[in-house]
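From first to last, the protein sequence lines are chains D and H.
Under our numbering, the first sequence has 198 at position 197, and the numbering climbs by one with no breaks.
Under our numbering, the second sequence has 67 at position 66, and the numbering climbs by one with no breaks.
Positions of the beta carbon are idealized from the N, C-alpha and C atoms, including for glycine.
Since the structure is predicted, the reported quantities are computational estimates derived from the model, not experimental observations.
All remarks here apply to the structure that follows.
Protein chains: 2
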Amino acid sequence: MSRPEFTVLARDPGTAARRGRLVTAHGTVETPAFMPVGTAGSVKAMTPQEVAGLGYTMILGNTYHLALRPGEEVVARLGGLHRFMGWERSILTDSGGFQVLSLAERRAIDDDGVDFRSHLDGRLLRMTPERSMAIQAALGSDVAMAFDDCPALPSPPERLREAVRRTTAWARRSRDAFAQDDRALFGIVQGGDDRALREESAAAITAMGFEGHAIGGVSVGESAALSREVVAATAPLLPAGRPRYLMGMGTPADLVTMIGHGIDLFDCVLPTRNARNGSLFTSTGRILIKRAGYREDPRPIDPECGCEACRLYSRAYLRHLFVAGEILGLRLNTLHNLYHYARTIREARAAIEAGVYAAFRDAFLARIEAGEDEDVQPAPAAGAVAGDRDG
Amino acid sequence: MSRPEFTVLARDPGTAARRGRLVTAHGTVETPAFMPVGTAGSVKAMTPQEVAGLGYTMILGNTYHLALRPGEEVVARLGGLHRFMGWERSILTDSGGFQVLSLAERRAIDDDGVDFRSHLDGRLLRMTPERSMAIQAALGSDVAMAFDDCPALPSPPERLREAVRRTTAWARRSRDAFAQDDRALFGIVQGGDDRALREESAAAITAMGFEGHAIGGVSVGESAALSREVVAATAPLLPAGRPRYLMGMGTPADLVTMIGHGIDLFDCVLPTRNARNGSLFTSTGRILIKRAGYREDPRPIDPECGCEACRLYSRAYLRHLFVAGEILGLRLNTLHNLYHYARTIREARAAIEAGVYAAFRDAFLARIEAGEDEDVQPAPAAGAVAGDRDG
């Protein structure tokens, strides 16, 4: 089996959006693509069949979480992550860098790697580029990520500089430690909100021959506007012939915006975590299903949605399930939000193919702008808070 | 639409087991039948489609829980319980008596009814036979249960006598308050572990013209052996031409035993609650999926089981999901246990049709007797503990 291959199929004439195809040993991923987050070997509340049934062809697995529990060697002995969790399509694993720095306790970072304590049991552990590569190889993901140093925002300039320097050195060590088989390795660009640092990082990382490139260090505490600004400035620095992956971000509006900047791959906990908090995406914003106003509301979550939750159940019932703490409520909410994301991406792909992406994007954003968003707490930029990238 | 009708299709020559058919406005229920418990308008963790897909044709809804939340009037305004929860097949509702007496707080029972405080918010409420009938009518269940006085065991003889007297009076009031439409009303026999009281209660209740009869007041604190003894003695007192329903009990071995005594309908929280506690039924007993011994076990829960959880996932993965607190683990465990119950009942029906029920039962019980039951804590006779009948 050869390495994963990426092909750009079509370019939108009015924006930087592109339609592409990433072929891995586990199938074809049409891009732009959104990857649901399967933190601990499960896209929370969903079966693999349901995730695939929604049209998803690639999910994200968390190196940090899986290494802690059940342990990558257990997963390897049970045939690798695909077989362990019964997901036959593609998997991308993150490097563990983000969680080690945001979720683990008492971490101490140096140029060689990171000492940290497990947030589960306090065990003292160490993560390095080499260890991250070994874990990801044991998990058997189709796309592995280089180990990076991902500081939160805001951070002082010297911390951002240090992170770029380390990310470059760790990218090289990751590449050198990466086993050459049928898997791909993506490099990660850091640099925070400093444009010159982003350029420096992009130049260094893209010179190393990675099969794809990610923008890391966004959605780590900064405003959504600043995230978008950073991505808009960084995306054009990444080679057009390889996939561009925006890590850990965003809302449907973020996705539609960033696709216009040439992003091909996304992951984010928002659809799944919001679902479990009762925050449900609609064509015009978000509704909070627990609201008393939905107590007897016979309408579906979103009249325009064709998902099972919207076809079969009322807001009143979903509110009841949520208030009563019923697992089925979490399931149906998750199904709905993931369907909404899949639909958004599907429509975006169609708009690129038709060469009308700018019009699609503007109309999509205008509807949300005009609509009501009931989930107004400054949507803690997914991944911003410690532990936030847990699915 | 006419009232639900029950027909006995076949009788086993060697036992009291019978094959029957209950036809309601929402379809045909082949008996013996097990009803999964859908406490609060949801068979916990399952969609209605999944429950139906397992072969279930009737579920139980809890009058007490639904009256408290979301309120039976909300359910009625949204089209009744079938439509509210998206379950198109038959529904039996209990009377609320059991929960009022076991789950509610600060209850005060008198001959007219029961004052109690909601376990959810402390609201002071009152339940009477008339109120129970009104709630069940609003929910629109196919089979309603008469309101009964269900004491725990052990109870002093005078408490058991009082409960029988009240249950008789309340059954009459339930019958008088029951709207004559396309729904059925079942009476409940009480009497605790006192044979003479059971006979007295059965005589009184079966004289009232109910469309079916239930044995209540078992699995309320007594040993499994005593439960079986009470059922064995009471079942023959119930008219053979009407369905006999054993309330709130039991294990697969209980079901197989009680079917041999002529029981037609069962409900119990065991398959669903055990699943959420990681206790999984197999052909030879139960396994506790959290055990360290399953950490790398590639086998399915039960090699003889054809359910989705057993076809697609290893014990190692299910253990991981359970330990990690993943919702998918609760789903797959529930799916498995409900499949196991459905399979047990299906095999029992086939054995009755073939006229070999005694041999089937003896072989079934022998395998469990010879097997290992890892869930050995004196399986708190389902329904014994306050709150235990919550699905």
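Verify the CB distance criterion: does E73 of chain D have a CB-CB separation below 8 Å to chain H? no
What in chain H is Cβ-close to I328 of chain D, meaning under 9 Å? S43, K45, A46, M47, R277, I328, L331, R332 and T335
Separation of D143 of chain D from A26 of chain D, as counted between CA atoms: 7 Å
Tell me, please, whether the CB atom of R299 of chain D is closer than 8 Å to any CB atom in chain H? A quick correction: the sequence has Pro, not Arg, at residue 299 of chain D. Interface residue, yes.
Give me the Cβ distance between V30 of chain D and T48 of chain D, rounded to the nearest whole Å; I'm assuming they're in contact under 8 Å. Their Cβ separation, rounded to whole angstroms, is 20 Å, which puts V30 of chain D and T48 of chain D out of contact at 8 Å.
Is the number of C-beta pairs between the stretch 166 to 180 of chain H and the stretch 251 to 260 of chain H that are closer than 8 Å three or more? no
Hey, is H83 of chain D's beta-carbon within less than 8 Å of any beta-carbon in chain H? no
Which residues in the same chain have their Cβ closer than 7 Å to the Cβ of Y342 of chain H, if we skip the five residues on either side of it in sequence? F35, P253 and P272
Using 8 Å as the threshold, is the stretch 211 to 221 of chain H in touch with the stretch 189 to 199 of chain H, meaning 3 or more CB pairs across them? yes
Collapsed DSSP secondary structure at F211 of chain D in the structure displayed: coil
Between S315 of chain D and chain H, is the shortest Cβ-Cβ distance under 8 Å, so that the two count as touching? yes
Pick helix, strand or coil for S284 of chain D, following the three-state DSSP scheme. coil
Does any CB atom of chain D fall closer than 8 Å to the CB of R78 of chain H? yes
Let me see if you follow: with CB-CB separation under 8 Å, is R245 of chain H close to chain D or not? no
Relative to the alpha-carbon of T8 of chain H, which residue among H:P14, H:V24, H:L154 and H:N275 has its alpha-carbon at the smallest distance? H:V24
Quick one: does L322 of chain D have its CB under 8 Å from some CB of chain H? yes
Chain D residues whose Cβ lies nearer than 8 Å to that of Y57 of chain H: Per Cβ cutoff of 8 Å: no residues; Y57 of chain H is ~15 Å from chain D at best.
Are C151 of chain H and V221 of chain H close, meaning C-beta to C-beta below 8 Å? yes
Find the nearest neighbour of R70 of chain H within the set H:G218, H:D113, H:L140 and H:R312, judged by alpha-carbon distance. H:L140
Let me know the alpha helix (DSSP H) ranges lying completely inside the stretch 231 to 304 of chain H, each 4 residues or longer, listed in chain order. 253 to 260 and 271 to 277
Run the CB neighbour count on P130 of chain D, radius 10 Å, all protein chains shown included, and call it buried at 16 or more, exposed below. buried
Interface partners of Y295 of chain D on chain H, CB under 9 Å: By Cβ distance, chain H contributes nothing, its closest Cβ being about 11 Å from Y295 of chain D, past 9 Å.
Quick one: give me the first and last residue of the alpha helix (DSSP H) that R84 of chain H is part of. L82 to M86
What does the alpha-carbon distance come out to for the pair A145 of chain H and A226 of chain H? 29 Å
Please tell me whether R70 of chain D has its Cβ less than 8 Å away from any Cβ of chain C. Among the protein chains in the structure shown, which are D and H, there is no chain C.
Cβ pair count under 8 Å reaching 3, the stretch 98 to 116 of chain H against the stretch 151 to 162 of chain H: yes
Candidates H:G279, H:T32 and H:A197, of which the one nearest N338 of chain H by Cα: H:G279
Other residues of its chain near F323 of chain H: CB distance less than 6 Å, five sequence neighbours each side excluded: G279, I290, K291 and G330
Between A325 of chain H and chain D, is the shortest Cβ-Cβ distance under 8 Å, so that the two count as touching? yes
Between the beta-carbon of R199 of chain D and the beta-carbon of A234 of chain D, is there less than 8 Å? yes
Can you tell me the Cα-Cα spacing of A18 of chain H and A352 of chain H, whole angstroms? 10 Å
Which residue comes first and which comes last in the beta strand (DSSP E) that contains A91 of chain H? Contrary to the premise, residue 91 of chain H reads as Ser rather than Ala in this sequence. From DSSP, the beta strand (DSSP E) with S91 of chain H extends over S91 to T94.
How about G87 of chain D: is its C-beta nearer than 8 Å to some C-beta of chain H? yes
Closest to G307 of chain H by CA distance: which of H:R344, H:I264 and H:D374 is it? H:R344
Could you run through the stretch 348 to 360 of chain H and flag, in chain order, every residue whose CB is less than 9 Å away from some CB of chain D? none
At what residue ranges does the stretch 320 to 371 of chain H contain a whole run of the alpha helix (DSSP H), taking only runs of 4 or more? 328 to 354 and 358 to 371
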